[in-house]
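Heads up: the structure comes next, in structure tokens.
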Amino acid sequence: MMRFQRFSTATAGYVLVWRALAFVVAMGIVALLLALSGRNVGELAALVARSTLGSRFGLEDLALFMAPLVLTGSAVTVTSRIGLWNIGGEGQFYLGAIGAAAVGLFVHGPAVVILPLMAVVAMVCGMAWIAVPTLARAFAGVNEIITTLLLNFVAELLTYWLTTGPWRDRVTGALVSTERLPVAVPEIWGVVHWGFPVAILVACGLSLLMSRTSWGYEVRVSGANPGAARYAGMPTRARIVAVMLLSGALAALAGMFEVAGTVHRLQGGMSDNFGYLGIVVAVLARRSCLAVIPAAFLMALILDAGIVLQTQQLAATAVLAITGLVLLLVAIADELAHYRPVVAEPVRRSAPGVSS
Amino acid sequence: MAGQHPPVMRSGTPPVLQLVGICKYFPGVAANEDVSLTIRSGEIHALLGENGAGKSTLMNIVTGIYQPDGGEMILDGYGVAFSSPQEAIRAGIGMVHQHFRLVSAFTVAENIHLGWSDTPRHIPAGVLEAHTRELGERFGMPLDPAARVEDLSAGEQQRVEIVRVLARKARLLILDEPTAVLTPAEANDLFRALRAFRAEGNAVIIITHKLDEVMEASDRVTILRGGRNVGTWATKDCSPQMLAATMVGREIVRQDLRVRAPDAVPRSAKPVMSLRHVSVRDGRGVETLSDVSLDLMGEEIFGVAGVAGSGQRELTELLTGLRAPDRGDVLLEGKALPADAVAVARAGVGHIPQDRLQSALVPSLGVTDNMALREYDRAPIGGNGLYHAGAALRLAQDIATVAGVKIPDYSMPVRNLSGGNQQRLVARREMRIASKVLVAAYPSRGLDIGAIATLHRYFAQLRDEGRALVIVSEDLEELLNLSDRIGVLFHGRIMGVLDAAQADVERLGLMMGGRTEERGAQ
Ligand SMILES: Nc1ncnc2c1ncn2[C@@H]1O[C@H](COP(=O)(O)OP(=O)(O)O)[C@@H](O)[C@H]1O
Ligand SMILES: [Mg+2]
């Protein structure tokens with residue numbers, strides 16, 4: 035006799051298989067809806083495939099999307115390891131972008147000096163932006179979800195003010211933008227710049243940090259059971275502070291690469307929701323630092339496909355709808371992955387004669 | 008008093024519950040194998056077995072939390088299969104779990120009515136509370152409906168759980184190790200209520216490790232061993248010795264643990280650890296420990312007795328560096344105890360805390376990570392900022408081997424282990440680092456007698472190696488059997504320290520109740 039039974043842990047293999055299935059189902063539903071609205075699904079699918087995975091330009095675009103998503107996704111994942119949620123990736127992204135732009139606009143020198151300086155200043159700005167929620171969380175127990183979220187709106191407005199006010203482009207007169215920065219992150223493959231390999235390396239490094247250092251062990255224990263961390267005498271508060279600052283720095287680094295590698299200027303609204311999408315990436319990655327990479331890839335694929343669909347007169351909100359659908363189905367898949375078939379031995383005795 | 012004896016049932020009455028050939032497999036273990044069992048109406052049925060024998064699993068099947076992999080369940084003569092606990096409750100089967108499942112921020116009344124289909128949608132708090140009080144009185148379990156659950160003692164929380172189950176018209180009440188967290192008086196109240204419940208023709212299944220309770224309260228006993236039913240007996244035909252031997256599968260030899268091994272380290276003259284006029288205040292400024300002075304000698308087991316909440320937790324936290332004294336000094340080998348818990352642990356003080364799942368373990372992490380908790384910061388696992396997962400695994404395997412716990416998968420979350428196995432692992436992990444002092448709070452809670460005997464032997468062995476042990480326990484027999492001296496706490500003060508050879512349960516009981524010991528041996 036075979037039956038399915040819920041296990042308290044889901045193995046990676048089952049999760050992967052179920053998620054692949056969920057993705058296929060999501061695509062099926064999207065295709066069905068498109069067909070119902072009278073579009074030629076086959077043609078659209080071919081177009082999407084060609085302009086994402088099927089062509090060099092498509093692949094370059096994917097990599098450009100992936101780099102910031104890996105970093106913002108990592109930012110949320112590291113905090114989730116200690117049981118917290120940094121919802122403020124968007125704001126820290128902007129602060130990183132602002133810091134990088136400031137260096138690019140006002141400090142002059144060779145790129146080998148300027149670019150590392152940009153990265154450092156950007157990360158310091160990101161950390162400064164998350165500092166208040168961090169201290170409030172570590173010392174007063176204030177919920178970090180709300181404080182980090184609220185600061186996003188402040189950061190966005192700050193960017194608009196800078197790009198329309200003191201830092202506005204006086205050369206070409208472009209709106210809501212600074213001038214083009216004199217330095218750029220070098221490109222390595224088409225328009226793909228060093229931000230991509232750096233992001234991948236960062237994700238791998240974080241994974242090692244969490245699983246192979248005593249610092250990472252302390253973070254995992256503190257996140258999973260603060261009572262045990264106290265019992266073992268771990269400096270939980272210091273770990274919370276460090277993890278949240280790290281998170282802010284990661285999101286800010288994404289902003290720096292976006293400014294100095296992809297957009298080459300600070301622009302209002304330039305984040306493209308990368309900060310928020312980082313939350314989606316983290317949820318897909320199930321708190322694993324390495325799984326952030328494929329999760330970011332999937333998210334980048336959806337974004338890229340959405341842009342192609344927009345050229346075919348589909349609403350931009352279609353991307354959001356598809357993202358929501360994928361997330362919903364993935365959540366269902368994750369639950370299903372807890373079920374495994376068990377083979378039960380046949381019942382030997384069926385007569386209800388029981389000793390007493 | 009009504010209900011002292013089981014009601015006489017007509018012979019035609021079908022059993023309340025019949026289990027036939029129940030099987031349940033987890034990865035790597037057969038938790039239940041071909042278990043058959045009959046529960047009659049009007050009986051209190053004790054379910055006995057070592058840790059990991061499959062008792063909780065079997066009861067989780069009966070209550071619909073798990074589905075069996077084989078076998079049948081027959082309720083009132085009809086075959087049933089529950090796919091959820093709600094269905095079992097509707098069929099009249101209620102369970103009070105080993106770990107309570109209450110919402111601690113809610114009041115008693117809210118917890119009683121939570122998720123109950125009989126509760127009207129809109130209802131004023133006053134009505135809820137009145138109804139709760141009435142339910143409590145009906146079942147002989149007085150409740151304070153407006154109190155928050157987090158402020159209640161373990162015994163009071165359990166009463167809430169039981170009333171919650173009984174209010175849903177349970178006819179079969181299942182209790183998983185209900186007395187492990189109760190004081191003797193609370194346990195007596197519980198048994199009185201169970202007898203009243205039985206008198207109405209209902210049935211009770213009670214899981215316990217305390218054989219005296221089985222002998223006193225139950226009508227029949229079933230013993231599980233290694234997932235199989237070894238047999239069912241009428242309690243009056245059993246003796247505690249026979250039950251213990253059947254449960255463990257061998258004779259348990261009780262030895263006098265106070266006798267030293269011939270090669271034991273002689274008792275030291277200088278104290279290993281001392282408290283000097285120590286006082287501790289809680290958050291509200293109330294003294295929870297007042298002017299306590301104690302000397303712990305090497306090669307000695309010091310027992311701590313007292314009614315629950317007399318300062319035991321504060322005392323253990325002081326000794327392990329989890330809490331600093333508000334007044335007075337704690338000395339380790341004559342020097343002030345370091346101010347943080349890591350340094351104290353590294354100085355050789357091990358700690359088996361009373362709430363292992365909340366503080367000694369990380370339930371969602373794997374067995375390996377949990378066993379590394381005390382040694383992750385030193386070679387071979389760490390020490391240079393790194394965490395060597397391979398070395399951690401080897402440590403976990405070592406601990407599991409000496410603890411006698413079989414673990415199919417070391418990355419499995421530690422919460423999947425049975426409560427007794429968790430306790431064994433924590434105990435062995437702490438013994439490894441306790442090179443000077445081991446502080447153990449209720450170390451045998453949730454352990455079966457075989458495991459308790461083993462644990463006590465290890466304690467005696469640690470003592471013979473020259474270490475100081477502090478054992479906090481509510482079980483006076485355990486303290487008398489094990490300790491060299493026993494200190495009695497009452498309202499945060501040491502009422503007196505008795506030489507265990509001259510102490511007995513009566514004298515300790517009097518002191519626990521606050522009577523001063525005139526002839527006190529100090
Ligand atoms: N959810 C689970 N996953 C894996 N193994 C389990 C799970 N629950 C119980 N077990 C195993 O099944 C066996 C029986 O456990 P349990 O019923 O809790 O024992 P008892 O209550 O008699 O101490 C143990 O070996 C335990 O480790
Ligand atoms: Mg159990």
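Chain order of the listed sequences is A and B. Each residue of the first sequence is one higher than the one before, starting from 35 at the first, in my numbering. Each residue of the second sequence is one higher than the one before, starting from 8 at the first, in my numbering. Glycine residues also receive a C-beta, built at the ideal position from the N, C-alpha and C atoms.
What does D226 of chain B touch in chain A if you count any residue whose Cβ is under 8 Å from its own?
What D226 of chain B touches in chain A: nothing, since even the nearest Cβ is about 11 Å away.
Say whether chain A places a C-beta atom closer than 8 Å to the C-beta of Y383 of chain B.
Yes, its Cβ sits closer than 8 Å to a Cβ of chain A.
What's the gap between the Cα of T351 of chain A and the Cα of V326 of chain A?
When rounded, the distance between both Cα atoms is 24 Å.
Pick from B:I181, B:V279 and B:A508: whose alpha carbon is nearest that of L486 of chain B?
Looking at the Cα atoms, B:A508 is the closest of the given residues.
Going by DSSP, what residue range makes up the beta strand (DSSP E) through V42 of chain B?
V42 of chain B -> beta strand (DSSP E) spans V36 to I46.
Hey, which unbroken runs of the alpha helix (DSSP H) at 4 residues or more fall wholly within the stretch 364-414 of chain B?
Correct list: 374-378 and 396-410.
Rank B:M280, B:V356 and B:L55 by C-alpha distance to the C-alpha of V531 of chain B and give the top, closest one.
Because chain B here runs from 8 to 529, residue 531 of chain B falls outside it and cannot be looked at.
Smallest Cα separation from A458 of chain B: which of B:G426, B:K443, B:S442 and B:P360?
It is B:G426.
In chain order, what residues of the same chain have a beta carbon less than 8 Å from the beta carbon of T212 of chain A, not counting five sequence neighbours either side?
Only A135, L139, L196, T197, W201, R202, D203, R299, L300 and Q301 meet the Cβ criterion.
Taking 7 Å as the cut-off, is the beta-carbon of N423 of chain B closer than that to any non-hydrogen atom of ligand 1?
Checking every heavy atom of ligand 1 against the Cβ of N423 of chain B, one is found closer than 7 Å.
If you measure from the beta carbon of A194 of chain B to each beta carbon in chain A, is any gap under 8 Å?
False, the Cβ-Cβ gap to chain A never drops below 8 Å.
At the 8 Å Cβ level, is S322 of chain A part of the contact set with chain B, yes or no?
False, the Cβ-Cβ gap to chain B never drops below 8 Å.
According to DSSP, is I478 of chain B helix, strand or coil?
It is a strand residue.
What is the rounded straight-line gap between the Cα of S480 of chain B and the Cα of I130 of chain B?
Whole-angstrom Cα-Cα distance: 44 Å.
Going by alpha carbons, who is nearest to A460 of chain B out of B:A410, B:K443 and B:M502?
Minimum Cα distance to A460 of chain B is reached at B:A410.
When you compare the CB positions of I119 of chain B and R171 of chain B, do they come within less than 8 Å of one another, or not?
Cβ atoms of I119 of chain B and R171 of chain B: closer than 8 Å.
So, using beta-carbon positions, are L363 of chain A and A56 of chain A closer together than 8 Å?
Yes, the pair counts as a contact, with Cβ atoms nearer than the cut-off.
What separation, rounded to the nearest whole angstrom, lies between the Cα atoms of F230 of chain A and G199 of chain A?
If you take the alpha carbons of F230 of chain A and G199 of chain A, they lie about 32 Å apart.
Tell me the DSSP secondary structure of Q347 of chain A in three-state form.
Note: Q347 of chain A maps to coil in three-state DSSP.
How far does the alpha helix (DSSP H) with A189 of chain A in it extend, from its first residue to its last?
Where A189 of chain A is concerned, the enclosing alpha helix (DSSP H) stretches over E178 to T198.
CA-CA distance, D244 of chain B and L173 of chain B?
Taking the straight line from one Cα to the other gives about 31 Å.
Taking only beta carbons into account, state which residues of the stretch 255-289 of chain A come closer than 8 Å to chain B, listed in chain order.
So the close ones are V255, A258, N259, G261, A262, R264, Y265, A266, G267 and M268.
If S248 of chain A and Y394 of chain B are in contact, beta carbons under 8 Å, what's the gap, nearest whole angstrom?
Confirmed, about 5 Å.
Could you check the C-alpha separation between G316 of chain B and G473 of chain B for me, to the nearest Å?
Cα-Cα distance, rounded: 30 Å.
Looking only at its chain, what residues have a beta carbon closer than 6 Å to the beta carbon of G162 of chain B, apart from the 5 residues adjacent to it on each side?
Cβ within range, chain order: L189 and E193.
Is there a Cβ of chain B sitting closer than 8 Å to that of G130 of chain A, yes or no?
G130 of chain A does not count as touching chain B.
Run through the stretch 151-186 of chain B for me and flag every whole beta strand (DSSP E) of 3 or more residues, listed as ranges in chain order.
Segments of the beta strand (DSSP E) lying fully in the stretch 151-186 of chain B: 179-183.
According to DSSP, simplified to helix, strand and coil, what is T43 of chain A?
It is coil, neither helix nor strand.
Taking A386 of chain B as the reference, which of B:H138, B:R363 and B:R353 has the closest Cα?
When only C-alpha atoms are compared, the closest one is B:R353.
With H, G and I counted as helix, E and B as strand and the rest as coil, what does DSSP make of F89 of chain B?
In this structure, F89 of chain B counts as coil in the three-state DSSP scheme.
Find out if the Cβ-Cβ distance for the pair M2 of chain B, A403 of chain B is shorter than 8 Å.
With chain B represented from 8 up to 529, any question about residue 2 of chain B goes unanswered, as that position is not in the structure.
Please name the residue, chosen from A:Y128, A:H227, A:L78 and A:I116, that lies closest to M100 of chain A on a Cα-to-Cα basis.
Considering only alpha carbons, the answer is A:H227.
Which value, in whole angstroms, describes the spacing of the CA atoms of I169 of chain B and V103 of chain B?
Those two C-alpha atoms are separated by around 6 Å.
Roughly how many angstroms separate the alpha carbons of P149 of chain B and G61 of chain B, rounded to a whole number?
Rounded to whole angstroms, P149 of chain B to G61 of chain B spans 33 Å at the Cα level.
Pull out every residue of the stretch 334-360 of chain B whose Cβ sits closer than 7 Å to any Cβ of chain A, in chain order.
Of all residues in the stretch 334-360 of chain B, D347, A348, V349, A352 and P360 have a Cβ within less than 7 Å of some Cβ in chain A.
Measuring CA to CA, which of B:L325, B:G28 and B:T323 is closest to I81 of chain B?
Residue B:G28 is the option with its Cα nearest to I81 of chain B.
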